[in-house]
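A.B. asks: Okay, handing you the structure first.
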Amino acid sequence: MKVLFTHSYFLRFDIKQLNTSTPYPPLATLFAASLLRENGHEVKVADIQFAESPTAIERYLDDFKPDVFVIYDDGFNYLTKMCLTNMRHAAFEMQKCAKKKNIPVVVSSSDATDHISAYCKNGADFIIIGEAEQTLLELVIAIQKKETAKLIMGIAFLENDKVIKTPSRNVGRELDELPKPAWDLMDIKPYKNTWLKKHGYFSLNFVTTRGCPYKCNWCAKPIYGNRYNSHSPEYVVELIKETQSKLGFTHVWFADDIFGLKPGWLKSFAELIKKEEIKIKYKIQSRADLLYDDETVKLLSESGCDVVWMGAESGSQKILDAMDKGIKIEEIKHSVSLLKKHNIKPALFLQFGYLNETAEDIKQTIDLVNELLPYDIGISVSYPLPGTKFHEKVKEQLKTKTNWSDSDDLHLMFENTYSPEFYKHLHRFVHYTYRANQARAMVKEFSLVNYKRICLWPYYKFRSLMEKNNLKKIEPVATSLF
């Protein structure tokens, strides 16, 4: 069979990410394409990330003339997990382009999992639920043989306008048995050129695991779930070495939900990186309670870790407990201290707007950031995604708007202590206040690397005061605490 792969993430429909200029190839798509190719199918990847319109897919459909069209989103990338409506509408347009040419359409994405009926009514024939490679392989064979798909585990489709779901498929445990990502099917130049022009280096994405065993009640995991399975350190290091020789990157983003959780994995990884004389810097996502001992952080540093993003979420223990986060404020403080000790840059994800959040909770979060002064922060508001306990609590309040349009939307879509407008200005206030305090602290350790940020201190301070004034107009009593 001739199978055309694409994905539904368009940079031009996400202005914040377009301006940030940190694009990553669709890694999950390349794993799936590689598996189908290994099993004898002719595959092509239509990478539309830099395209101006979903209709760009028509050229690939006309030139390749596929037997099956697959929209396979990168479930490792947090941007696709956000289920943005701009990308949903783009997927619908691409589906319709394929259906006009009578080409069967298969979709694997977090958003399609949440909106099966909508995707099917807009041109999709099958939605794959959960981990998708093996399911897709069996589905393509069924389409080729014109057999029923009802016996294939892990799919959904419409029958007589009713959603039919087959039994779930178990996630794969032996990840090393998967063929390596089909990088050769990608034009890597736009990615490399964008990184070099904007940042002076080229970063590429890898994964060492699938799934996350933790149960934060706002976190959706429609693809890889709560099971945690890992590639071996040998597989990962070999893949990095092999790919680096071909593509020439010097930085890696490990897109795992949680990096290095398996006992002994990090130690073996660090030893192999040293043995193979691989020179990279990398960033990861982890948890404060996993970065609590000196030896772990030391191994991260020795193997090239440059930045660690942690889900601090809140400076209020009350809010962390309500989220089922499973961490303590003291663990956040200790892990940040350890990372700095080993010259790793700590970065914190923050989340405002969780249920029953008060001004005192917000103040505790602001105080935590100003006390720790991490390398970077990422601020969001609570976002109820289907399949989460949090969504169940607020779903009756969700009206016409149930998803963000792009990654900078950050609209509070349910009723809470404060208004959506308040949280929009709070986002800016916390960001500018943090930047101003960070710049002031950098003066004590002046270097040319920090010169630009130091020079921006007056700007950050002014914008911080402006946003605080905006907050006072909306919630004067609450703002008096900040």
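Residue numbers -6 to 475, in my numbering, belong to the letters of the sequence shown in order.
For every residue, glycine included, the Cβ atom is placed at its ideal position computed from N, Cα and C.
Only a predicted model underlies this, so the values are computations on that prediction, with no experimental measurement involved.
#1: With burial defined as no fewer than 16 other Cβ atoms inside 10 Å of the residue's Cβ, what is the status of proline 206: buried or exposed?
#2: Beta-carbon within less than 7 Å of alanine 83's beta-carbon, same chain only, minus the 5 sequence neighbours each way: which residues are those?
#3: If you draw a straight line from the alpha carbon of leucine 449 to that of alanine 432, how long is it in whole angstroms?
#4: Starting from the Cα of histidine 108, find the closest Cα among Glu324, Pro367, Ile121 and give me that residue.
#5: Which one of Leu168, Tyr285, Gln88 has the shortest CA to CA distance from phenylalanine 232?
#6: Identify the residues that DSSP records as bridge partners of cysteine 298: which are they?
#7: Going by CA-CA distance only, name the one from Lys214, Lys158, Asn186, Phe43 that's closest to lysine 564.
#8: How is serine 14 classed by DSSP in three states: helix, strand or coil?
#9: Closest by CA to alanine 315, which one among Glu131, Lys138, Pro469, Asn210?
#10: What residue does the beta strand (DSSP E) around lysine 155 start on, and which one ends it?
#11: With 16 as the cutoff for other CB atoms within 10 Å, does lysine 74 come out buried or exposed?
#12: From serine 223 to glycine 165, what does the alpha carbon distance come to, in whole angstroms?
#13: Give the range of the alpha helix (DSSP H) segment to which tryptophan 246 is assigned.
#14: Determine the direct distance from the alpha carbon of proline 172 to that of glutamate 31, and round the result to whole angstroms.
#15: With DSSP collapsed to three states, give me the class of serine 309.
#16: According to DSSP, what are the bridge partners of asparagine 198?
#17: Taking one C-beta from the region 417 to 431 and one from the region 450 to 463 each time, how about it: are there three or more such pairs within less than 8 Å?
#18: In the DSSP assignment, find the unbroken alpha helix (DSSP H) run with isoleucine 109 in it and report its ends.
#19: Does isoleucine 121 come out as helix, strand or coil in the three-state DSSP assignment?
#20: Would you tell me roughly how many angstroms separate the C-alpha atoms of alanine 25 and glutamate 126, rounded to the nearest one?
#21: Kindly indicate which three-state DSSP category alanine 149 falls into: helix, strand or coil?
#22: Note the first and the last residue of the continuous beta strand (DSSP E) segment covering leucine -3.
#23: Jot down the residue ranges of each uninterrupted alpha helix (DSSP H) in the region 347 to 403, minimum 4 residues, whole runs only, in chain order.
#24: On the criterion of 16 or more Cβ atoms from any shown chain inside 10 Å, does proline 519 qualify as buried, or is it exposed?
#25: Within a Cβ cutoff of 7 Å, which residues of the same chain sit near isoleucine 216, ignoring the five residues on either side of it in sequence?
#26: Can you tell me whether threonine 202 is buried or exposed? The criterion is at least 16 other CB atoms within 10 Å of its CB, across all chains shown.
#27: Let me know if lysine 239 comes out buried or exposed under the rule of 16 or more other beta-carbons within 10 Å of its beta-carbon.
#28: Is tyrosine 444 buried or exposed, if buried means 16 or more other CB atoms sit within 10 Å of its CB?
#29: Put valine 164 into one of helix, strand or coil per three-state DSSP.
#30: Pairing CB atoms from the region 190 to 202 with CB atoms from the region 48 to 56, are three or more of them under 8 Å?
#31: Which residues mark the beginning and the end of the beta strand (DSSP E) in which serine 238 is found?
#32: In this structure, how does DSSP classify proline 47 when only helix, strand and coil are distinguished?
#33: Can you find the residues in the same chain that come closer than 7 Å, C-beta to C-beta, to serine 296, ignoring five residues on each side of it along the sequence?
#34: What is the rounded straight-line gap between the Cα of aspartate 360 and the Cα of glycine 308?
#35: Is it true that the CB of leucine 11 sits closer than 8 Å to the CB of tryptophan 176?
#36: Could you spell out where the beta strand (DSSP E) holding phenylalanine 342 opens and where it closes?
C.D. replies: To lay it out plainly:
#1: exposed
#2: Ser1, Phe3, Phe6, Pro47
#3: 7 Å
#4: Ile121
#5: In the sequence on display, residue 232 carries leucine and not phenylalanine. Ranking Leu168, Tyr285, Gln88 by Cα distance to leucine 232 puts Leu168 first.
#6: Tyr275
#7: Only positions -6 to 475 of the chain appear in the structure, and residue 564 is not among them; the question remains open.
#8: Coil at serine 14, not helix or strand.
#9: Asn210
#10: 155 to 158
#11: buried
#12: 10 Å
#13: Per DSSP, tryptophan 246 belongs to no alpha helix (DSSP H); it is in the beta strand (DSSP E), 244 to 247.
#14: 8 Å
#15: coil
#16: Trp246
#17: yes
#18: 109 to 114
#19: strand
#20: 5 Å
#21: strand
#22: Leucine -3 -> beta strand (DSSP E) spans -5 to -1.
#23: For the region 347 to 403, whole alpha helix (DSSP H) runs of length 4 or above, ordered along the chain, are 352 to 365, 382 to 387.
#24: A query on residue 519 cannot be resolved here, the shown segment of the chain reaching from -6 to 475 and no further.
#25: Gly68, Ser103, Gly123, Glu124
#26: buried
#27: exposed
#28: exposed
#29: In this structure, DSSP gives valine 164 a state outside helix and strand, which the three-state scheme calls coil.
#30: no
#31: No beta strand (DSSP E) holds serine 238; the alpha helix (DSSP H) holding it covers 226 to 240.
#32: DSSP places proline 47 in helix when its eight states are reduced to three.
#33: Phe262, Ala263, Ile266
#34: Approximately 7 Å between the Cα atoms of the pair.
#35: no
#36: 338 to 345
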